[in-house]
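Here is the structure we will look at, set down as structure tokens.
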Amino acid sequence: MFLAGVTFAIMPLANGMAGETLDRVMETRTLVGATADGYPPVAFTDENNQLTGFDVEVAREIAKRLGAEFKPVTPAWEAQVAGRWAGRWDIAVGSMTPTTARADVLDFPAVYYYTPAILVAHKDNTTYQSASDLDGKVVGACAACSYEDYLRKNLVMDVEGVPPFEYEVTPGRIQTYESDGMAFDDLRLGDGVRIDAVLSNVPTVTAAIENGMPFRMVGEPLVYEPLAIATDKGDAEFNAKITEIVDAMRADGTLSALSEKWFGIDLTTVK
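Note that the numbering used here gives residue 224 to position 220 of the sequence shown, counting from 1, and the numbers run on in steps of one.
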């Protein structure tokens, strides 16, 4: 089952006059897109010092269908989810979970894929077999992201069709990081040296393991996250255009093809 054109209510605010973002993109023929770096295969800098990955290629395709050039920027995650971008970038294609709190300051014109979240431990540990085995332990996660929300048991995703989930782990301490990569750097130092596990997503963890990180996944995925394209609050015309483009990318197989390319599996539908 998949959701075509999933949207949140769009309420105009003073900082997002209707049509302002779309007009700017059309006038400059440039789509400035916020994304991340250091999250292979989603978004990362390759050997040619070029930003690439699933999110980057999705954003580039959206720009192409708008008749614009894609210009990536990598602002801090906290700045992306805070909204009120003041024209610094036009869109965020950064695997963002459309939580209720974020919908207060951002619009989510399209869910474009779903990813399973899972705990990962150092491979030297053999005692953690399920999420509950990490109760009372130190678990790392990206700051201000849905994984931190899950660990704090306040994750709210009110998107229709998402499979229900339960909170299966109660950490003794939650250690937050600017990125998953920084959390992985602490975990690879050894079992329990700084942290006991990290909550991340299966594609990112799989890529880390394939690149030599001494990790193993613990148990089954805890939650399937819907991941959405975000825009600053209030431009109904721009949102409608993004919804239209992503629907077309889903219908013509572009989204599925990009998912298969970068993840080796189609994550554009709920399993």
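Cβ coordinates follow ideal geometry from the N, Cα and C atoms, glycine included.
Leaving out five residues before and five after residue 315 in sequence, what residues of the same chain have Cβ atoms less than 8 Å from its Cβ?
-> The displayed coordinates of the chain run from 5 to 275. Any statement about residue 315 would go beyond what the structure contains.
With 16 other Cβ atoms within 10 Å as the buried cut-off, status of residue 90 | Translated into the one-based positions of the sequence shown, residue 90 becomes position 86. Flag for residue 90 reads exposed.
Specify, as a first and last residue, the run of the alpha helix (DSSP H) that residue 155 falls within.
-> Working through the sequence shown from its first residue, we reach residue 155 at position 151. Looking at the DSSP string, the run of the alpha helix (DSSP H) that includes residue 155 is 150 to 155.
Can you say whether residue 263 is buried or exposed, counting buried as having 16 or more other CB atoms within 10 angstroms of its CB?
-> For the purposes of this step, residue 263 is taken as the residue at position 259 of the sequence shown. With 16 or more other Cβ atoms within 10 Å, it is buried.
Which partner residues of residue 100 appear in the DSSP bridge assignment?
-> The residue given as residue 100 occupies position 96 in the sequence shown. For residue 100, which the question treats as bridged, DSSP gives the partners 232.
What residues in its chain sit with their C-beta under 7 Å from that of residue 211, if we drop five residues either side in the sequence?
-> Position 207 of the sequence shown, counted from the first residue, corresponds to residue 211. Result list for residue 211: 44 and 45, in chain order.
Can you list, in chain order, the residues of its chain whose CB lies under 6 Å from that of residue 157, leaving out five sequence neighbours each side?
-> The residue you call residue 157 lines up with position 153 of the sequence shown. 171.
Reduced DSSP secondary structure (H/G/I, E/B, other) of residue 205 = Numbered from 1 along the sequence shown, position 201 holds the residue referred to as residue 205. It is a strand residue.
Rounded to whole angstroms, how far is the Cβ of residue 222 from the Cβ of residue 201, which I believe are closer than 8 Å?
-> Taking the sequence shown and counting its residues from 1, one reaches residue 222 at position 218. Taking the sequence shown and counting its residues from 1, one reaches residue 201 at position 197. Contact flag correct, Cβ pair sits at about 7 Å.
Residue closest to residue 41, alpha-carbon to alpha-carbon, out of 257, 30 and 57 | For the purposes of this step, residue 41 is taken as residue 37 along the sequence shown, with counting starting at 1. Answer by Cα proximity: 57.
Can you list, in chain order, the residues of its chain whose CB lies under 6 Å from that of residue 75, leaving out five sequence neighbours each side?
-> Counting from one through the sequence shown, the residue named residue 75 turns up at place 71. 34 and 36, listed in sequence order.
Classify residue 277 as helix, strand or coil using the three-state DSSP reduction.
-> With the chain running from 5 to 275 in the structure shown, residue 277 is simply not present.
Going by CA-CA distance only, name the one from 118, 249, 192 and 160 that's closest to residue 144.
-> Along the sequence shown, one-based indexing puts residue 144 at 140. It is 192.
Near residue 246, which residues of its chain fall below 8 Å by C-beta distance, leaving aside the five closest residues on each side in sequence?
-> To locate residue 246, count along the sequence shown from 1; it is residue 242. Hits under 8 Å: 66, 95, 113, 114, 233 and 235.
Residue from 30, 149, 254 and 133 whose Cα sits closest to the Cα of residue 85 = What you label residue 85 is simply residue 81 of the sequence shown in a count that begins at 1. Ranking 30, 149, 254 and 133 by Cα distance to residue 85 puts 149 first.
Buried or exposed (CB count within 10 angstroms, at least 16 for buried), residue 257 | Counting from one through the sequence shown, the residue named residue 257 turns up at place 253. With fewer than 16 other Cβ atoms within 10 Å, it is exposed.
Would you grab the beta carbon distance between residue 109 and residue 88 for me? Rounded to a whole angstrom, and I think it's under 8 Å.
-> As a first step, residue 109 must be located in the sequence shown, where it is residue number 105. As a first step, residue 88 must be located in the sequence shown, where it is residue number 84. About 7 Å separates the two Cβ atoms, so the contact holds.
Burial state of residue 59 (16 or more Cβ within 10 Å) | The count along the sequence shown starts at 1 and reaches residue 59 at position 55. Residue 59 should be labelled buried.
Are the Cβ atoms of residue 118 and residue 229 separated by less than 8 Å?
-> Stepping through the sequence shown from its first residue, residue 118 is reached at position 114. Stepping through the sequence shown from its first residue, residue 229 is reached at position 225. Cβ atoms of residue 118 and residue 229: closer than 8 Å.
Just tell me which of 152, 167 and 185 has its CA closest to the CA of residue 174.
-> The sequence position of residue 174 within the sequence shown is 170, counting from 1. Among 152, 167 and 185, the Cα nearest to that of residue 174 belongs to 152.
Determine the extent of the alpha helix (DSSP H) in which residue 62 is found, giving its start and end residues.
-> Within the sequence shown, the letter at position 58 stands for residue 62. It spans 58 to 69 - the alpha helix (DSSP H) in which residue 62 sits, taken as one unbroken run.
By the 10 Å Cβ neighbour count, where 16 or more other Cβ atoms means buried, how is residue 160 classified, buried or exposed?
-> Counting from 1 along the sequence shown, the entry for residue 160 is found at position 156. Label assigned to residue 160: exposed.
So residue 37 is in the beta strand (DSSP E); what residue range does that whole segment cover?
-> Here the question's residue 37 lines up with position 33 in the sequence shown. Residues 34 to 38.
May I ask you to report which of helix, strand or coil DSSP gives residue 90?
-> If you number the sequence shown from 1, residue 90 lands on position 86. DSSP places residue 90 in coil when its eight states are reduced to three.
Taking only the alpha-carbon atoms, compute the straight-line gap between residue 203 and residue 185 and give it to the nearest angstrom.
-> Taking the first residue of the sequence shown as 1, we reach residue 203 at position 199. Taking the first residue of the sequence shown as 1, we reach residue 185 at position 181. So the two alpha carbons sit approximately 12 Å from each other.
Look at the alpha carbon of residue 209 and the alpha carbon of residue 251, and state the distance between them as a whole number of angstroms.
-> For the purposes of this step, residue 209 is identified with residue 205 of the sequence shown, where counting begins at 1. For the purposes of this step, residue 251 is identified with residue 247 of the sequence shown, where counting begins at 1. If I take the Cα positions, the gap works out to 28 Å.
Residue 14 to residue 71 span [Cα, whole Å] = In the sequence shown, counting from the first residue as 1, residue 14 sits at position 10. In the sequence shown, counting from the first residue as 1, residue 71 sits at position 67. Summary for residue 14: the model assigns pLDDT 34, below 50, so the residue's position carries little reliability; its value from the coordinates is reported in the next sentence. When rounded, the distance between both Cα atoms is 24 Å.
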